[in-house]
Structure formats: structure tokens, C-alpha cells
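Step one of this worksheet: look at the structure below.
In my numbering, the protein residues as written are 18 to 202.
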């Protein structure tokens, strides 16, 4: 299998839709079949980061914000887009400050991988933030209306369940990434 061609269908400020033509041969010696796949890509950014922030007392910092694509509030990890040329670790520091008001004394790389490989080429780099100090909310993007939640790790499952029952969506990445990050903390 291999990509033959990619055509832009439309492009906006942050996303573009592409039609990918690829060859698909199911068995050795078979003639390849050409197939089309619709996908989206990020524009005007080099990467996407998420941060798992742990306080000294063992709490995890998460955020709650309105997400127009699902017409609802989502509880998720702080995250953001890398400016062109900005290193992912620098983005993680910046986004943590902008979204939560916390600065990290240490930022550890955790993992990276695709977010939704059937939909997007987007790759997520995840960092664990420790040695946090609250410095106050800086300037947020005007479209971000964020509530910062500090949740003790031992209460995380029950608090997320409460938030879900109250009508919030819970970003599924939150569960696994917090668990994976506990080893670094």
C-alpha cells in the first residue's frame, strides 16, 4: 500500500480537507486497487501538544471548556498548537501557563502518536509537567473560555464520573495519559 496522490478539497484558517488516493493490493501478485480517503490536516502549526500537570500534593490539573464541534463542554488535559518553528516543549510550557496559570519547573516528554488516524494526520506530543507554581492566568486566546480543575489523583475517576453525569464530555485521552504519566511523577 502507498499514497499515490493528495488533493486539497478546502482550506481554512486552522484545517484543510484532503482527498488521498492510495493503492491497495490485498495479496501478492494482485493488481492494486486505487482507493480514495477523505482526511483533515492542520495548517499554520507544526505540532500539537498535551500536558499532564501534577501538583506537589499529587493532584492533576485538567481543564473544562466549550467545544463547538460537539456543542458541549469537555474535560480534558491542557493542550495546544505549536507555532511555526516553536519546539514542542516550549509549546507545552506556553500552553500550560496560558490555559491553567501554572508554570512547570520540569517538563518531561512522555509519548507521541496519532490522535485519530482514520480522520487526521495530526500527531500529538505529550509532556508531564511537575514542580508547578501558580503564577496567574496570562493572556488566553479570545475563543478560549476555560475552567481550571485541580483534582486529587485518588479522586480522579469519581470526579470525572460526576462531571460526565452533569452533562460534560470527558476526553478519552485523559484517562490513559494520566495513568501513563504517574510513572514519571
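From the three backbone atoms N, C-alpha and C, an ideal C-beta is built for every residue, glycine too.
- Task: Could you check which residue in 179, 125, 142, 92 has the C-alpha nearest to that of residue 191?
- Result: Looking from the CA of residue 191, the closest CA among 179, 125, 142, 92 belongs to 92.
- Item | Whole-Å CB distance - residue 56 paired with residue 142, under 8 Å assumed | The pair is not a contact, with the Cβ atoms about 20 Å apart (cut-off 8 Å).
- Message: Quick check for students: name the residue ranges of the beta strand (DSSP E) that lie wholly in the segment 87 to 157, counting only runs of 3 or more.
- Response: 89 to 93, 96 to 98, 119 to 131, 140 to 151
- Message: With a threshold of 7 Å on Cβ separation, who are the neighbours of residue 162 within its own chain once the five nearest residues in sequence on each side are excluded?
- Response: 82, 83
- Task: Apply the 10 Å Cβ neighbour rule to residue 69 and answer buried if 16 or more other Cβ atoms are within range, or exposed otherwise.
- Result: buried
- Item | Closest Cα partner of residue 106 within the set 31, 144, 151 | 144
- Message: Does the contact criterion of 3 or more C-beta pairs under 8 Å hold for the segment 34 to 54 versus the segment 166 to 182?
- Response: no
- Using three-state DSSP, classify residue 164 as helix, strand or coil. strand
- Shortest alpha-carbon distance to residue 78 belongs to which of 120, 38, 25? 120
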